[in-house]
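Structure first, then comments.
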């Protein structure tokens, strides 16, 4: 009889451990994110403090995030995905991969920054990043960089490696007053295209070059805040923006926790963290110490634009074939 009681006690203890283990597992959320590593660390810590829920983070480029999602497609791990490309969200939505969740905190997010199952975390824009110590005049517009004062002193992110740089090329070449003549002028002025965003910015920070054509704004603004000799200029003829979508995957096994995480990122505290990284907050009622969407002239990219044709012509213009 004692043996039966002992066995019953052991079984009950085992079930209790399993229940506790299940609760512990449920009290976590896995986030795959592109963008500033410092931002996701602060968001994860703030979310943990407020909710007690752990955040498991995989932070990498959008390309690496997409590759990992593909590799894990048979056994999904991610609950929330934050991409640096808006097309990630629209593509996933078309494939019916997203949980259709709208956060109550998204009320002041403009309609063009949210959709069925996704919402912007924050927004970046492309700009001119100029080194004031370069001995060159301060540029005001893209076309200024075709002037002789900037010859052999300009860099640009490769549009084949940077989605936002591609969108800038596509948008500017579609403008009647700019077109491909702008880029032909830049090529004649010996603009170099050394690689992705960091490879374009570093020579300017180091003083080897004077200016970046199409720099990611929040990176330059962050460097300026640290005391680097860099000034971010938003061209008067317009630029493109890059909203960073957040989404919950339908395959998420922690959907309630994922919803709470989205709510937190869109809360006052979460959006303040976004603003501190020099991104534009998604919510229109959150202030930031930088120009916001309303302050910029935004250029749109025709979705029918032939990406391959644009990249091929760009490569030919700059001898990158």
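Numbering (mature numbering (1 follows the signal peptide of the UniProt record, and there is no 0)), first residue to last: -26 to -1, 1 to 295.
Where is the CB? At the ideal position from N, CA and C, for every residue including glycine.
First through last residue of the beta strand (DSSP E) which encompasses residue 216
On the chain shown, residue 216 is found 242 positions in, with the first residue counted as 1. 215 to 222 is the span of the beta strand (DSSP E), which, as asked, contains residue 216.
Please list the terminal residues of the continuous alpha helix (DSSP H) segment that includes residue 140.
Numbered from its first residue, the chain shown carries residue 140 at position 166. Start and end: 137 to 147.
Compare the Cα-Cα distances from residue 70 to each of 142, 225 and 156 and report the closest residue.
What you label residue 70 is simply residue 96 of the chain shown in a count that begins at 1. Taking only the C-alpha atoms, the option nearest residue 70 is 225.
Thinking C-alpha only, which one of 15, 287 and 105 is nearest residue 198?
As a first step, residue 198 is located in the chain shown; it is residue number 224 there, counting from the start. Comparing Cα positions, the closest option is 105.
Please list the terminal residues of the continuous beta strand (DSSP E) segment that includes residue 129.
Within the chain shown, the letter at position 155 stands for residue 129. First-last of the beta strand (DSSP E) with residue 129: 128 to 131.
Burial state of residue 86, where buried means 16 or more other Cβ atoms lie within 10 Å
To locate residue 86, count along the chain shown from 1; it is residue 112. With fewer than 16 Cβ atoms within 10 Å of its Cβ, residue 86 is classed as exposed.
Who are the near neighbours of residue 2 in its chain, counting only those whose CB is closer than 8 Å to its CB and skipping five residues on each side?
Taking the first residue of the chain shown as position 1, residue 2 is located at position 28. Around residue 2: 27, 28, 29, 30, 228 and 231.
Taking one C-beta from the stretch 263 to 280 and one from the stretch 137 to 147 each time, how about it: are there three or more such pairs within less than 8 Å?
yes
Cα separation between residue 88 and residue 52?
Translated into the one-based positions of the chain shown, residue 88 becomes position 114. Translated into the one-based positions of the chain shown, residue 52 becomes position 78. For residue 88 and residue 52, the distance between alpha carbons rounds to 21 Å.
Please name the residue, chosen from 234, 162, 211 and 290, that lies closest to residue 122 on a Cα-to-Cα basis.
As a first step, residue 122 is located in the chain shown; it is residue number 148 there, counting from the start. Closest by alpha carbon: 162.
By a C-beta neighbour count over all protein chains shown, 10 Å radius and 16 as the cutoff for buried, is residue 35 buried or exposed?
As a working mapping, residue 35 is identified with position 61 in the chain shown. Counting Cβ neighbours within 10 Å, residue 35 comes out exposed, since fewer than 16 surround it.
Can you check DSSP and say which residues form a bridge with residue 190?
Mapped onto the chain shown, residue 190 falls at position 216. Paired residue(s): 100.
Closest by CA to residue 130, which one among 151, 175, 221 and 285?
In the chain shown, residue 130 corresponds to position 156, counting from 1. Among 151, 175, 221 and 285, the Cα nearest to that of residue 130 is on 175.
Using C-beta distances below 7 Å, list every residue in its chain close to residue 243, excluding the 5 sequence neighbours before and after it, in chain order.
Within the chain shown, the letter at position 269 stands for residue 243. So the list reads 20, once near-sequence residues are dropped.
Just how far apart, CA to CA, sit residue 168 and residue 182?
Start at 1 with the first residue of the chain shown, and residue 168 comes out as number 194. Start at 1 with the first residue of the chain shown, and residue 182 comes out as number 208. Going from the Cα of residue 168 to the Cα of residue 182 covers about 13 Å.
Rounded Cβ spacing between residue 340 and residue 220 (contact assumed at less than 8 Å)
As displayed, the chain neither begins before -26 nor continues past 295, which places residue 340 out of reach and without an answer.
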